[in-house]
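Before any comments, here is the structure.
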Amino acid sequence: MKPRTLSGRYARTAYLFLLPAILFFAAFFYLPIGNVVATSLRTGPQADQWAGLGNYTQALADPAVRHSFLVTVAFAVAVVAGSIVLGLALAMAIDQPLKGRVAFRVLLLVPYLTSVAIVGLLWRNILDPELGVLNRVLLAAGLPAQQWLNTAPLLTIAAVTLWQSVGYTMVLFLAGLQGIPETYHEAAKIDGADAWRRFWRITLPLLAPTTLFVSVMAVISGLQAFGQAYIITGGGPGDATDLSVFHIFNVAFRTRDFGYSSAQSVLLLIVIVAFTLVQLRAGRRGEVVY
Amino acid sequence: MRRTLLYLLLGLASLVTVLPLLYMVSLSLQTEAETLSARAVVWPASPQWGNYAELFARAPFGNFIVNSLVVAGAITLAHLIFDPLVGYVFAKFRFPLRNTLFVALLATLMVPFFVRMIPLYVLMANLGWLNSYQGLIAPFLMDAFGIFLMRQFIQPIPDDLISAARIDGASELGIYRRIILPQTRPALAVLGLFTFVFQWNEFLWPLVATTTPEMRTIPVGLTLFNQEYFTLWHLTAAGSVILFVPTAVLFVFTQRYFVRGIALTGLK
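Chains A and B supply the protein sequences, listed in that same order.
Mind the numbering: the first sequence is residues 1 to 290 in the UniProt record's numbering, read in order.
Mind the numbering: the second sequence is residues 1 to 268 in the UniProt record's numbering, read in order.
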């Protein structure tokens, strides 16, 4: 469409309308980004001594930083895998002509509305080896009680995260499924393809953009999880759930080393941005046109 | 047979999502002894409604509620005022640096909050805004997501409508208020809903930016309450219920918009 009626003459109005936004994004996005990079190059209790890349080389060699990063990646991978499998399964189930679809959708989405504070506290209580209701249920069913937060802490907090977010991924997949033309499945049916084949050959490939979006979103949010470690596990047992943002938070606000924590923030940001770009590029190549 | 299986799967999944929240309600009505008993209580012998009153006696919970309302409310209002205006400019105006500014705006979507956390903390400390409403609100007044959503929504509005109004002598702000804004109502509903729910639930920044109990929002108040006073599960659960109920009620009435909002913002 040619923007002939609204051309340059109105530039002044445009800038006037944009002014608050320009000031806001400058002050609360671009200035902080500049500052976090500047601080990452400094050291000392006031972050006033020049350190050059010292914080970065220190962070890259620091076993605690490496460990927290690996823990974070493992957590994100678990959340992504769970989101895709469970989200897609639920979306396919709810996409059928069933009674009470809206009710199911509502019930499955409810945890998405809760704060990580609620999720963390509630599940800390439910999973508690002594007070927890979950072990009571297991014992009542004749099964042995479990110490999830000790035996598989990372998987457990990933599962709790999934509990909260699965409704969201389900809705995204549902929208994707509804975008696939009915005729594709019908044609395949006529050609004699069974349900399993139709899933692998039609549904899954045509859902590729949705799956990509779901995984990008889940990776991004998984890599910056915080409340799960802060509230449920306190990073433990030991350092088993020392998620990166929790680690950065502790370095910044418990040990007050702003230079070192800023460098770690920048490193994590680089990883997230790189990851996102790679995923998006991979997606563009594999995108299905229909 | 297949139907039964589907109902079973969805029913089971729904139980898993909802039962823990019902248990939270149960916990909020138990006595402290019940919450600590070795055999977990599924439902209290006699519901302790007094727990909800005790919450206000044991912590500045009234403050938490007011703070949450003020912060989430102010941020939502700011989004509703600014996001459509900025979205309109990017949808309908041509001006120098337009694309550069738009890319600079979208680039902020790639910046997770934790990257801004430390510099914002230092900035707020320097401004003397830590532990204040302006400190809690300022970093979230606008976001690229809402602006992008509004731009997408405004773009299809015919240009002729705007030029006609201009020929009729309408002011620029008048055109925006009388022609553009009324058409964006459904998008504004989605935007307002999402902004409020997310800000109501926000945890990290209020944790970092507040230092006294009186300035805490409910999510942070809950956890600090929890640590400072031993683990009072019945009160923690009661506070969680209070935090959860407003969003749940809002959701029941607006779930259609909510679902459409996720699908729309997710896939565009």
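In this text, a Cβ means the ideal position worked out from N, Cα and C, and glycines have one as well.
Computed from a predicted model, the values in this text were never measured in an experiment.
Assignment of beta-bridge partners to Gln49 (chain A) by DSSP yields A:Thr43. Contact note: Ser46 (chain B) does not reach chain A at a C-beta cutoff of 8 Å; the least C-beta distance is about 19 Å.
Of all C-beta pairs linking the region 212 to 232 of chain A to the region 34 to 47 of chain A, fewer than three are shorter than 8 Å, placing the two stretches out of contact. One thing to note: Val245 (chain A) has its Cβ within 8 Å of the Cβ of Ala225 (chain A). Using a Cβ distance threshold of 8 Å, Leu141 (chain B) and Phe82 (chain B) count as a contacting pair. Between Lys92 (chain B) and Leu123 (chain B), the alpha-carbon positions lie close to 35 Å from each other.
Contact between the region 59 to 67 of chain B and the region 113 to 123 of chain B is not established, with fewer than three Cβ pairs separated by less than 8 Å.
Against Gly235 (chain A), chain B offers no close residue; the least beta-carbon distance is about 14 Å (beta-carbon pairs closer than 9 Å). Between Ala72 (chain B) and Trp200 (chain B), the gap from beta carbon to beta carbon is short of 8 Å.
Listed along the chain, the chain B residues whose CB falls inside 8 Å of the CB of Arg105 (chain A) are Gln255, Val259. For the 8 Å CB-CB criterion, Thr254 (chain B) and His79 (chain B) do not form a contact. Assignment of Ile272 (chain A) by DSSP, reduced to helix, strand and coil, places it in the helix class.
Judged by DSSP in its simplified three-state form, Met92 (chain A) adopts helix.
The residue among A:Asn55, A:Leu41, A:Phe69, A:Ala159 with its C-alpha nearest the C-alpha of Ser83 (chain A) is A:Ala159.
In the DSSP assignment, Ala74 (chain B) falls within the unbroken alpha helix (DSSP H) covering 61 to 92. About 4 Å separates the beta carbon of Ser115 (chain A) from that of Pro219 (chain B), a gap short enough to meet the 8 Å contact definition. Burial check for Leu207 (chain A): the Cβ neighbour count within 10 Å reaches 16 or more, so the residue is buried. For Met150 (chain B), the secondary structure class from DSSP, reduced to helix, strand or coil, is helix.
DSSP places Pro153 (chain A) inside the alpha helix (DSSP H), whose first and last residues are 153 to 178. Interface annotation, Thr39 (chain A): in contact with chain B, CB-CB separation under 8 Å.
Here Asn131 (chain B) carries a coil assignment [DSSP, helix/strand/coil]. Judged by DSSP in its simplified three-state form, Gln228 (chain A) adopts helix. Short of 7 Å from the beta carbon of Gln155 (chain B), and not among the five residues preceding or following it, lie these beta carbons of its own chain, in chain order: Ala91. Taking the C-beta atoms as reference points, Thr108 (chain B) is found nearer than 8 Å to Phe25 (chain A).
Ranked by how close their Cα comes to the Cα of Gln228 (chain A), the residues A:Ala263, A:Met170, A:Asp257, A:Thr156 have A:Thr156 in first place. If you ignore the 5 residues before and after Lys189 (chain A), its C-beta comes within less than 8 Å of the C-beta of Arg198, all in its own chain and listed in chain order. Between Ser68 (chain A) and chain B, the shortest Cβ-Cβ separation is not below 8 Å.
If you check each beta-carbon in the region 232 to 251 of chain B against every beta-carbon of chain A, the ones closer than 7 Å belong to Trp233, Thr236, Ser240, Leu243, Phe244, Thr247, Ala248, Phe251. At the C-beta level, Leu162 (chain A) and Val110 (chain A) stay beyond 8 Å of one another. Apart from sequence neighbours up to five positions away, the residues of its chain that approach Leu193 (chain B) with a beta-carbon distance below 8 Å are Leu250, Thr254, Tyr257, Phe258, Gly261, ordered along the chain. For a Cβ distance threshold of 9 Å, residue set Leu113, Thr114, Ser115, Val116, Ala117, Ile118 of chain A lies close to Asn201 (chain B), ordered along the chain.
The distance from the Cβ of Gly34 (chain A) to that of Tyr112 (chain A) is about 34 Å, inconsistent with a contact at the 8 Å cut-off. Tyr7 (chain B) belongs to the set of residues whose beta carbon lies under 8 Å from a beta carbon in chain A. With respect to chain B, the C-beta atom of Gly82 (chain A) has no partner C-beta closer than 8 Å. Per the C-alpha coordinates, the member of B:Ser37, B:Ala53, B:Arg151, B:Leu161 positioned closest to Leu85 (chain B) is B:Arg151. Nearest C-alpha to Arg256 (chain A) among A:Pro32, A:Tyr10, A:Arg12, A:Thr39: A:Thr39.
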